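Its first residue numbered 4, the sequence shown is counted upward by one per residue in the numbering used here. Structure first, commentary second.
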Amino acid sequence: MSASAVSPSIVGAEQFLQPLTPSQLLRIEGELIGELPLAIAALRFTPAHFDAKAFERLRIPAPDTLAKAVDKRRAEYLAARLCARRALAANAIEGLPWTAEGERCPQWPGGCIGALTHSQGFAAAAVAAGSRLSALGIDAEGWIHSDRADRLAAMILCDSELDHWRELPELARGAWLTRVFSAKESLYKALYPRVKRPFYFHDAIADFDPTRPSRFTLALVKSLDAHHPDGFSVEVRALDFDRGVLTLIALPA
Ligand SMILES: CC(C)(COP(=O)(O)OP(=O)(O)OC[C@H]1O[C@@H](n2cnc3c(N)ncnc32)[C@H](O)[C@@H]1OP(=O)(O)O)[C@@H](O)C(=O)NCCC(=O)NCCS
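This is the structure in structure tokens:
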């Protein structure tokens, strides 16, 4: 389908927002979306330039949960909702996602499904018609550099992934770990709305070809329910950008 730019007049009028460049949008369209029937809208944002009146100006309601939030949280919330509104519009739906009380998982209007991410001053929403796709996950992560990678690897990777990771050239380890980390977060966002239960980094394992880091699979290593048994596997699409990686998981209807 398409990678969408939030209206240039909106972005131009708000100091805390920056558009993606046409070539960044093209890369999202070509390398991430491809033939998939979904829309992605994305933006950059700078929390230091955020002001609270932006909610009113942009006609996005601020939920009570943001009342005491710091500007970084308000800015990322707002940037992600602008992306959601744009990605819904690309599916011919007017509206915004909402979050039920006590939940973190967004609900989508008009029979759509979708997912949000905001990280490293980058926000994105992926949205599709529920008749075309049954689950979507999207996640942006900043590059995990080698010193942090050594500390985080055992938390993110299963034992066999760890063995493989330790065999990689030292310089490649941070990027590999970042991609798997982001992919597992995308998997969580894609499957949580279906299984309605938490699951953890060691519950899925990546099958990774280091020569093709932009496409790999993730498979569950434990059953989440009858529809998502041990071995259930999904394709991950990954796109490197300057500050990190963006991963996408889309399951057919
Ligand atoms: C929920 C989680 C995946 C979010 O990822 P993150 O990198 O922290 O944050 P991102 O900015 O990329 O995404 C945040 C968005 O995720 C969405 N989200 C949060 N919980 C969600 C859930 N249970 N299901 C689907 N989407 C969810 C929300 O839209 C949220 O944005 P919002 O608060 O503005 O609405 C992460 O915080 C988490 O709990 N991870 C542990 C579980 C996990 O990843 N297990 C791995 C399984 S293999």
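Think of the CB as a built atom: it goes at the ideal place given N, C-alpha and C, for glycine as much as any other residue. All values derive from a computational prediction rather than experimental measurement.
Handout entry: Stretch pair the segment 89-101 + the segment 129-136: three plus CB contacts closer than 8 Å
Key = yes
Exercise for the section: Check whether the segment 74-85 touches the segment 119-126, counting contact only when three or more Cβ pairs, one atom from each stretch, lie closer than 8 Å. Expected result: yes
Problem - Helix, strand or coil at ASP54 [DSSP, three-state] - result: coil
Practice task
Rounded to whole angstroms, what's the CA-CA distance from ALA229 to PRO201? Just pull it up for me.
Solution key: 16 Å
Handout entry: Option in PRO112, ARG135, VAL248, ILE208 with minimal Cα separation from GLN27
Key = VAL248
Exercise for the section: Check the DSSP bridge columns for GLY247 and list the partner residues they point to. Expected result: GLY145, PHE244
Practice task
Please check the pair ARG30 and TRP146, which I expect to be a contact at CB under 8 Å, by giving their CB distance rounded to whole angstroms.
Solution key: No, ARG30 and TRP146 are not in contact; Cβ-Cβ is about 17 Å, not under 8 Å.
Practice task
Could you tell me which residues DSSP pairs with PHE219 in its beta bridges?
Solution key: VAL239
Exercise for the section: Starting from THR181, follow its DSSP beta bridges and name the residues at the other end. Expected result: According to DSSP, THR181 bridges with nothing at all.
Practice task
Give every residue whose Cβ lies closer than 7 Å to any heavy atom of ligand 1, listed in chain order.
Solution key: GLU79, TYR80, ALA83, THR102, ARG107, CYS108, PRO109, ALA118, LEU119, THR120, HIS121, SER122, ASP142, ALA143, GLU144, LYS187, GLU188, LEU190, TYR191, LYS192, TYR195, PRO196, PRO201, PHE202, TYR203, PHE204, ASP206, ALA207
Handout entry: Pairwise C-alpha distance: ALA241 and ALA178
Key = 11 Å
Exercise for the section: Identify, in the order they occur along the chain, each residue of the same chain with its Cβ nearer than 7 Å to the Cβ of GLY52, setting aside the five sequence neighbours on each side. Expected result: Inspection of the sequence shows that residue 52 is occupied by His rather than by Gly. Closer than 7 Å at the Cβ level, and outside the excluded window around HIS52, lie GLN18, PHE19.
Exercise for the section: Since I believe ASP210 is in contact with PHE219 (beta carbons under 8 Å), could you give me their beta-carbon distance rounded to a whole number of angstroms? Expected result: 6 Å
Handout entry: Close-in-space but distant-in-sequence residues of the same chain around SER137 (CB under 8 Å, 5 per side omitted)
Key = ILE116, ARG197, LEU254, PRO255, ALA256
Problem - ARG200 - DSSP class collapsed to helix/strand/coil - result: coil
Handout entry: Cβ neighbours of LEU194 in the same chain (closer than 8 Å, five flanking residues each side left out)
Key = ALA138, GLY140, PHE202, LEU227, HIS231
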